[in-house]
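Protein chains in written order, with our numbering: chain A, 1 to 274; chain B, 1001 to 1274; chain C, 2001 to 2274; chain D, 3001 to 3274. Quick notes on the structure that follows.
4 protein chains.
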Amino acid sequence: MGSLRHLRVGCEFGYDSAIETPAVFQVQPYEGGPATLMRHAWETTPQVERHGYTDLYGNGCQRLNLPAGASTVRYDALVAVPDATEEVDLDVAETAVTDLPDDALHYTLPSRYVLPDVLADEAWRLFGAQQPGYRRVQAIVEHVNGHLEFGYGTSTPLTTAADVHESRQGVCRDYAHLAISFCRALNIPARYVFGYLPDMDVVLPPAEMDFAAWMEVYLGDRWWTFDPRNNQPRKGRVVIGRGRDALDVAMVTTYGAPVLKAMTVWSDEVAGAG
Amino acid sequence: MGSLRHLRVGCEFGYDSAIETPAVFQVQPYEGGPATLMRHAWETTPQVERHGYTDLYGNGCQRLNLPAGASTVRYDALVAVPDATEEVDLDVAETAVTDLPDDALHYTLPSRYVLPDVLADEAWRLFGAQQPGYRRVQAIVEHVNGHLEFGYGTSTPLTTAADVHESRQGVCRDYAHLAISFCRALNIPARYVFGYLPDMDVVLPPAEMDFAAWMEVYLGDRWWTFDPRNNQPRKGRVVIGRGRDALDVAMVTTYGAPVLKAMTVWSDEVAGAG
Amino acid sequence: MGSLRHLRVGCEFGYDSAIETPAVFQVQPYEGGPATLMRHAWETTPQVERHGYTDLYGNGCQRLNLPAGASTVRYDALVAVPDATEEVDLDVAETAVTDLPDDALHYTLPSRYVLPDVLADEAWRLFGAQQPGYRRVQAIVEHVNGHLEFGYGTSTPLTTAADVHESRQGVCRDYAHLAISFCRALNIPARYVFGYLPDMDVVLPPAEMDFAAWMEVYLGDRWWTFDPRNNQPRKGRVVIGRGRDALDVAMVTTYGAPVLKAMTVWSDEVAGAG
Amino acid sequence: MGSLRHLRVGCEFGYDSAIETPAVFQVQPYEGGPATLMRHAWETTPQVERHGYTDLYGNGCQRLNLPAGASTVRYDALVAVPDATEEVDLDVAETAVTDLPDDALHYTLPSRYVLPDVLADEAWRLFGAQQPGYRRVQAIVEHVNGHLEFGYGTSTPLTTAADVHESRQGVCRDYAHLAISFCRALNIPARYVFGYLPDMDVVLPPAEMDFAAWMEVYLGDRWWTFDPRNNQPRKGRVVIGRGRDALDVAMVTTYGAPVLKAMTVWSDEVAGAG
Chain A
1 MGSLRHLRVG CEFGYDSAIE TPAVFQVQPY EGGPATLMRH AWETTPQVER
51 HGYTDLYGNG CQRLNLPAGA STVRYDALVA VPDATEEVDL DVAETAVTDL
101 PDDALHYTLP SRYVLPDVLA DEAWRLFGAQ QPGYRRVQAI VEHVNGHLEF
151 GYGTSTPLTT AADVHESRQG VCRDYAHLAI SFCRALNIPA RYVFGYLPDM
201 DVVLPPAEMD FAAWMEVYLG DRWWTFDPRN NQPRKGRVVI GRGRDALDVA
251 MVTTYGAPVL KAMTVWSDEV AGAG
Chain B
1001 MGSLRHLRVG CEFGYDSAIE TPAVFQVQPY EGGPATLMRH AWETTPQVER
1051 HGYTDLYGNG CQRLNLPAGA STVRYDALVA VPDATEEVDL DVAETAVTDL
1101 PDDALHYTLP SRYVLPDVLA DEAWRLFGAQ QPGYRRVQAI VEHVNGHLEF
1151 GYGTSTPLTT AADVHESRQG VCRDYAHLAI SFCRALNIPA RYVFGYLPDM
1201 DVVLPPAEMD FAAWMEVYLG DRWWTFDPRN NQPRKGRVVI GRGRDALDVA
1251 MVTTYGAPVL KAMTVWSDEV AGAG
Chain C
2001 MGSLRHLRVG CEFGYDSAIE TPAVFQVQPY EGGPATLMRH AWETTPQVER
2051 HGYTDLYGNG CQRLNLPAGA STVRYDALVA VPDATEEVDL DVAETAVTDL
2101 PDDALHYTLP SRYVLPDVLA DEAWRLFGAQ QPGYRRVQAI VEHVNGHLEF
2151 GYGTSTPLTT AADVHESRQG VCRDYAHLAI SFCRALNIPA RYVFGYLPDM
2201 DVVLPPAEMD FAAWMEVYLG DRWWTFDPRN NQPRKGRVVI GRGRDALDVA
2251 MVTTYGAPVL KAMTVWSDEV AGAG
Chain D
3001 MGSLRHLRVG CEFGYDSAIE TPAVFQVQPY EGGPATLMRH AWETTPQVER
3051 HGYTDLYGNG CQRLNLPAGA STVRYDALVA VPDATEEVDL DVAETAVTDL
3101 PDDALHYTLP SRYVLPDVLA DEAWRLFGAQ QPGYRRVQAI VEHVNGHLEF
3151 GYGTSTPLTT AADVHESRQG VCRDYAHLAI SFCRALNIPA RYVFGYLPDM
3201 DVVLPPAEMD FAAWMEVYLG DRWWTFDPRN NQPRKGRVVI GRGRDALDVA
3251 MVTTYGAPVL KAMTVWSDEV AGAG
């Protein structure tokens, strides 16, 4: 076992609901590794029943009803992560579609926010002539990273990859949607990843959120992590879930219109295992 | 066992490809019932290897490589179906979201072609005041059936439910996408179904295709069949698969640009079981 | 939401291993309800990486390597459970095999410890003439409860239902294996359940463990809880997992021969949610 | 694509039932490759409804009710198989348990007929000193092949691997159960495979059945085929399904006691694809 470091990750939501409102939360770390979930706690005030299930994508979901009136939902976890920067291999080849595993094909199709069909011409124009493989995906990441300007409030729940390609503005999920669209347009399987992204051994602008979206791309014989928003290998990503796009791994889905009064997210290194 | 009738269903595709082209076909009847698959045969000319797999949605997929040059892919099946019109129950209630089974929630979300988010206001304006339940879904079906004009060539692979709501033109998949969008906007789980639709005991215009798209809606404690294109209970539907929208149950998905030279589909009653 | 009560459940294992030893733990509460997992913590001393996965049965498994030398593994959770005794309905009918859902058939087959094939004659002799339904299963439970004498150390990892039928001695898992064997011999789907069983509102002999095994039987249109060891409806069962028999939901599976030096299990009501 | 050859595989069962009897058949070729299912046909006389489902193991099952009185169930398929002998690599290493994929662990456990727990000492005595890897599994296969004498009627539905180890007699499923037991005792994942085994390019004794059981063993990073009964690499195996042991891939499971009056199985090379 390599060296481990520890993170405190979590989030708190304050709601005001006119009526009892069903909700699904996807905020627990994925337990398949490499992060080890050491402890966690849910607190809902007032207390309500809650149950977990695994969705089509294998993501953990927690389902509860927000009570009428004011309520808070708080999730707090301690995780151990390897003290290692994620792997990069510029020389990995693309896998011909004919050799892709059956279950990777799902991630070549368009979805609500990821539009390889609309952006196909642009993808081929920009990246079609490049040598297939890791470097071509890296070129996509660099293009998207430079093409978009980061800005909270520049996109909405209706904003697609085609929209941000046009507006040149977005948040991390928009960066991911655009880069994934380009990959899929080139028949490279790419999936959306949502998680906690701590600032281990990097210095980030203070405004940055601790929830983050990035992508995994199938090259060679496995999935590789790329981050179109930050465009640098990192330590300590804590995956929450994966899917076709942001809809499949939504932090919160509510069936009704509770007012979100406050939201806090954390993802901080802590000294011990504590 | 009730009385059974027999259908010959199938399809044939003629391609011309510049290069070998990976393809996935979803044309085999779903084996979970009520149709019984009695025999079937695949013929690819020239002959190629093919294998089957089950996707995320449990749909059967067949994967092969179309060879360079001219090729044909032919699928032909004999199925037995109950001699019974599909069930209708105008009095079934909607299920409150809080009581929906976990795996139905997937079908409340937007997807590539189904846009309950964009069409939410319209859905609530048109159907929000109606009594929840089977009758409300029937009202959606009737609205969509009247709102759209059927026409081949009026929609493209980029056409969403919002587009057809605007253009008022489409084919059966567009009818389904629009009706499903309205259901999901009202938090009623609805899924897209693709299959063979024979003309058992009904008289249809001769131009109608034998592939068809319809929808299933979760009411009470199960999924019910509704057909926004035809708006009448039928006999003999042969389901191929189900999913969020047409992308999840595509007749053919190709990874490349083979020229489709010819396509035939059949779904005809035959006298005996032979 | 009904009234909730709170339990502290967990376990601690002390090992001494000659070499690093892979191990799988199944001790986390099942998250599908009705218990709500509020918080939990793992502690391994020395600290090691661990990851979770879901097995064929949907059970949560945690996989780690016990280090060479002395080590401890501790799991501690706080759960909220409904303040309600589990449901009983003496009038529920058996479901004819032809009407069973496909996935219930798995639980009609023999398995390592559950031997409906060996015990078929005995099952039909004892219970074949009884009216099918909940009462017949209750008769099986009562028979097993009276036929066996509880005793730690009376069975081994090789002991089958046929063995305990003969020896008339066993622990809770043996009671479950025998009752499940009789159910399956009568073509009634029955599955093994492993979990924490607190003594809420009952007085139990002090020697009783807090891990327990019981069974679920498919009657009418769902699974019902029966407890051949205790033979009384209870409050607060916390399911860990379900399977064909004890092998599918083993508290710990080790690949090697670490010495288990100490083991403690707890399942106690606590006053508040804290 | 390599060269393909064609097989006709199938089976026919004649029953006489006092009452309508639910039954599950597992006789269709697995569609995941390398065999390509080109056509198949079911015939039940008298005709009955039937539906297919996929079990926990991903095996295709067909479920129907045998009617009261005389009935026949016939399945006939044409498959294309590669003209290639299955792969052997004497130098593949065993995978340490710690490096096994999560889903391989299921195949290290005991099951109804496979008893690595009972046969552990024997396994370690015979094979514990050998160099881990393909050659050790080959030694197991050779031992079992020599230890047992083939004979129809020497085993029953109650016969375990420990029984045949003792009796030294069995049919192909017993050979498989014993070899799988030895593998699992050594912590090598091994699973039971059931299928059609044609005599392509080999000469076999005329009494041999066309249904056969063999095993797959996880070595290196994938599953490898071994055949304890025949102990030679073959061409044209057509897998029906895989599981822990013969119970998970039973040709037929009936819920009742119909009299099997006749049974025929075929697995023959045919000249063309027609």
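We put the CB at the ideal spot given by N, CA and C, even for glycine.
A:L158 carries a coil assignment under DSSP once its states are collapsed to helix, strand and coil. The beta carbon of A:H40 lies closer than 6 Å to those of A77 in the same chain, with the five residues before and after it left out.
Listed along chain D, no residue sits closer than 8 Å to C:P2189 by beta-carbon distance, the nearest being about 11 Å off.
DSSP places B:Q1062 within a strand segment (E or B) once states are collapsed to three. Look at C:Q2047 here: in three-state DSSP terms it is coil, with no helix or strand label. CA-to-CA, the gap between D:F3211 and C:W2223 works out to about 36 Å.
When DSSP states are grouped into helix, strand and coil, C:A2179 belongs to the helix group. Against chain D, the CB of B:A1041 has a partner CB under 7 Å away; the residue lies at that interface.
Using a Cβ distance threshold of 7 Å, D:R3112 and C:P2157 do not count as a contacting pair. Interface flag for D:R3074 against chain B is unset, since no Cβ pair is found closer than 7 Å.
In the DSSP annotation of this structure, the continuous segment of the alpha helix (DSSP H) that includes B:H1143 starts and ends at 1134-1147.
A Cβ of chain A is located within less than 7 Å of the beta carbon of B:T1098.
Taking the CA atoms as reference points, C:A2190 sits about 6 Å from C:Y2218. Counting only Cβ-Cβ distances below 9 Å, C:V2137 has no contacts in chain D at all, with the closest Cβ about 17 Å away. Here the stretch 243-261 of chain A makes no contact with the stretch 1049-1060 of chain B; the two share fewer than three CB pairs at distances below 8 Å. Counting only Cβ-Cβ distances below 7 Å, A:Y255 has contacts in chain B at V1097, N1187, in chain order. In this structure D:E3087 is exposed. Its beta-carbon is surrounded by fewer than 16 other beta-carbon atoms within 10 angstroms. Looking from the CA of A:L260, the closest CA among A:Q131, A:R5, A:R173, A:A23 belongs to A:A23. A:R74: member of the beta strand (DSSP E) spanning 69-82, first to last residue.
In the three-state reduction of the DSSP assignment, D:V3202 falls in the coil class. Within chain D, no C-beta atom comes nearer than 9 Å to that of B:E1087; the closest sits roughly 17 Å away. Against chain C, the CB of A:R184 has no partner CB under 7 Å away; the residue lies outside that interface.
Within chain C, the residues placing a beta-carbon under 7 Å from that of D:L3105 are V2024, ordered along the chain.
Per DSSP, the continuous beta strand (DSSP E) segment holding D:R3008 begins and ends at 3004-3017. Residue contact check for A:T36 against chain C: a CB pair falls below 7 Å.
Considering only B:P1067, B:D1102, B:V1073, B:E1216, the residue with the shortest C-alpha distance to B:R1237 is B:E1216.
Beta-carbon to beta-carbon, D:Y3255 and D:T3095 are separated by about 39 Å, too far to satisfy the 8 Å threshold.
Looking at B:C1061, B:N1059, B:A1070, the one whose alpha-carbon comes closest to that of B:A1262 is B:A1070. When Cβ-Cβ separations below 7 Å define contact, B:G1069 makes no contact with chain D. Only residues of its own chain outside the window of five on either side were considered, and among them F3127, A3179, F3182, C3183 have a CB closer than 7 Å to the CB of D:I3140, listed in chain order.
For D:W3224, the beta-bridge partners assigned by DSSP are D:V3217. The DSSP-derived three-state label of A:R112 is coil.
Judged by their CB atoms, D:V3118 and D:A3162 are nearer to each other than the 7 Å cut-off. In the same chain as A:Q28, and ignoring 5 residues on each side of it, the C-beta atoms closer than 6 Å to its own belong to G60, in chain order. Counted as a single uninterrupted DSSP element, the beta strand (DSSP E) harbouring C:E2269 occupies residues 2259-2270. What D:E3031 touches in chain B, judged by beta-carbon distance under 7 Å, is H1051, G1052, going in chain order.
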